[in-house]
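So that you can map any letter, position 24 of the sequence shown is 24 in full-length UniProt numbering, and since no number is skipped, the others follow by simple counting. Just so it is clear, CB atoms sit at the ideal spot from N, CA and C, and this is done for glycine as well. Working notes, structure below.
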Amino acid sequence: MGIYQRDERWMVYWNHNGKRHDKSFGRGDLAQAKAQYFDRAVQEALAKGLPVPDPQSVTAAVQVAQTGSTTDTPTSQVLGQQPSGMLLSDLGSKYLAHMQASGRTEKHIRNIEHLVNHVFIPVLGDKPVNDLTYQDDMVPFIIHFQGVSSRTGKVRSQYTVNKYCDYLSFIFNFGIDNGFTSVNPLKIWKKPKVQPWDMKLTLDDAKKIMANAEPHLKWAMEVCFNLGTRPGESELLSLRWEDVDFKAGTVRIYASKTKTYRTVPINPEFLKRLEKEQAESQTGYVIEYMGRKLTTIRKAFKNACKRAGINYPTRMYDLRHLFATTLLRKGADLAAVSKMMGHSTVKMTADTYYHYMEGEKERAVRLLPELLTA
1 MGIYQRDERW
11 MVYWNHNGKR
21 HDKSFGRGDL
31 AQAKAQYFDR
41 AVQEALAKGL
51 PVPDPQSVTA
61 AVQVAQTGST
71 TDTPTSQVLG
81 QQPSGMLLSD
91 LGSKYLAHMQ
101 ASGRTEKHIR
111 NIEHLVNHVF
121 IPVLGDKPVN
131 DLTYQDDMVP
141 FIIHFQGVSS
151 RTGKVRSQYT
161 VNKYCDYLSF
171 IFNFGIDNGF
181 TSVNPLKIWK
191 KPKVQPWDMK
201 LTLDDAKKIM
211 ANAEPHLKWA
221 MEVCFNLGTR
231 PGESELLSLR
241 WEDVDFKAGT
251 VRIYASKTKT
261 YRTVPINPEF
271 LKRLEKEQAE
281 SQTGYVIEYM
291 GRKLTTIRKA
301 FKNACKRAGI
311 NYPTRMYDLR
321 HLFATTLLRK
331 GADLAAVSKM
341 MGHSTVKMTA
351 DTYYHYMEGE
361 KERAVRLLPE
371 LLTA
């Protein structure tokens with residue numbers, strides 16, 4: 001890789017995946033400065049195993065160092081100058097440190113780190129955050145991710161696009177709140193509504209999945225359904241035996257998503273199952289695998305669904321939904337279910353689950369007495 005001239009045009013070339021690439025930046029001092037800056041950016045990207053950045057984004061703010069003379073400017077004085085202000089990579093690093101200090105899970109921090117270094121920066125370029133604008137940077141960013149994923153070969157869902165924008169907006173707002181930067185170029189973006197998840201999992205199908213599940217997954221599904229936990233490290237896989245009060249028949253669940261605790265009563269029959277599992281446990285965690293803590297069960301659940309012949313989309317999270325809808329359909333108090341789910345308001349529970357309660361309006365009108373007159 002390197003810089004060269006062709007017909008007085010400044011060019012950059014590099015090799016990637018066995019193929020040579022050439023990029024022209026035009027003629028003159030500014031073109032040379034841009035070529036030098038882009039060449040360094042390409043070298044850094046390839047050294048880190050990242051995609052080659054977009055030339056226009058990388059060189060958009062490159063300037064030419066000025067001298068007292070307007071002619072015969074020495075080559076050594078033609079430089080690509082990076083504007084002042086915190087780069088996106090630096091702000092991302094500070095945000096990751098903030099999340100670690102705030103007690104976020106390692107898995108979540110690794111996920112954000114991956115997005116910053118391998119998703120956001122390769123598309124936006126490692127530019128000063130204050131130079132980013134909605135029209136020139138965010139709109140192309142959003143349109144890019146509305147396309148086909150190179151990993152899956154499928155068009156990304158609007159949910160994924162919204163999630164990327166949300167995470168990026170969190171980072172921008174963090175920069176403003178701490179005085180590192182002064183703009184959030186996503187501030188005027190309006191999040192499109194996403195079609196709610198179509199939860200199809202039934203009790204019968206859940207039993208089929210359990211019948212085809214490995215022992216650790218079978219137990220995890222049982223715990224998730226009986227306690228209504230969020231799956232993954234946010235709740236289920238971080239649940240410890242010390243959180244279970246066997247005498248009171250309750251479990252104290254910490255929700256890392258909302259940073260709150262909630263107490264859930266335990267069905268007496270399931271409490272006996274917990275006592276039996278605790279006696280055989282090798283760790284301090286309710287869910288374990290071969291004597292160690294689990295960090296994910298997504299793949300095991302997917303494989304169990306496949307073996308069970310479940311051909312519609314379903315997730316481990318659907319067991320939490322099944323916990324709520326089963327209780328509500330059997331007449332449980334909406335406020336009580338809301339508390340056990342850890343929702344901030346009863347309205348949130350009603351908005352999420354009321355449409356699953358088939359026949360409730362009909363049952364309600366049958367409670368009315370007759371209004372007769374003599």
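Handout entry: Own chain, CB closer than 8 Å to L87, minus 5 neighbours either side, in chain order
Key = D126, K127, P128, V129
Problem - Simplified DSSP state of Q32, which is helix, strand or coil - result: Q32: helix per DSSP, three-state reduction.
Problem - L132 and P215 closer than 8 Å at C-beta - result: no
Handout entry: Where T152 falls, given that 16 or more other Cβ within 10 Å makes a residue buried
Key = exposed
Handout entry: Same chain, Cβ closer than 6 Å to D243, neighbours up to 5 away in sequence not counted
Key = V251, R252
Problem - 8 Å Cβ shell around W189 - same chain, five flanking residues per side excluded - result: Y134, M138, I142, C165, S169
Problem - Coil, strand or helix - N178 by DSSP - result: coil
Practice task
Give the single residue among V52, N178, N173, N162 whose Cα lies nearest to the Cα of N117.
Solution key: V52
Handout entry: Spatially closest choice to K247 from R262, P268, A255, by CA coordinates
Key = Comparing Cα positions, the closest option is P268.
Practice task
Reducing DSSP to helix, strand and coil, say where Y312 ends up.
Solution key: coil
Handout entry: Per-residue DSSP class, three states only, for R252
Key = strand
Practice task
With DSSP collapsed to three states, give me the class of S24.
Solution key: Residue state, collapsed to three classes: strand.
Exercise for the section: Could you check the C-alpha separation between V78 and W10 for me, to the nearest Å? Expected result: Note on V78: pLDDT 43, under 50, position unreliable in the model; the coordinate value appears next. So the two alpha carbons sit approximately 13 Å from each other.
Practice task
Classify R292 as buried or exposed, calling it buried when 16 or more other Cβ atoms lie within 10 Å of its own Cβ.
Solution key: exposed
Handout entry: Closest by C-alpha distance to H319, when choosing among R40, P140, V12, L217
Key = Position check: residue 319 holds Leu in this sequence, whereas His was assumed. Minimum Cα distance to L319 is reached at L217.
Handout entry: Same chain, Cβ closer than 6 Å to D39, neighbours up to 5 away in sequence not counted
Key = Within its own chain, the residues whose Cβ lies closer than 6 Å to the Cβ of D39, once the five positions on either side in sequence are excluded, are I3, V12, listed in chain order.
Practice task
Taking Y317 as part of the alpha helix (DSSP H), name the residues at either end of that continuous run.
Solution key: 317-329
Handout entry: Any chain C beta carbon closer than 8 Å to W219
Key = Of the protein chains in this structure there is only one, and it is not chain C.
Practice task
With a threshold of 16 other CB atoms inside 10 Å of the CB of P192, please say whether the residue is buried or exposed.
Solution key: exposed
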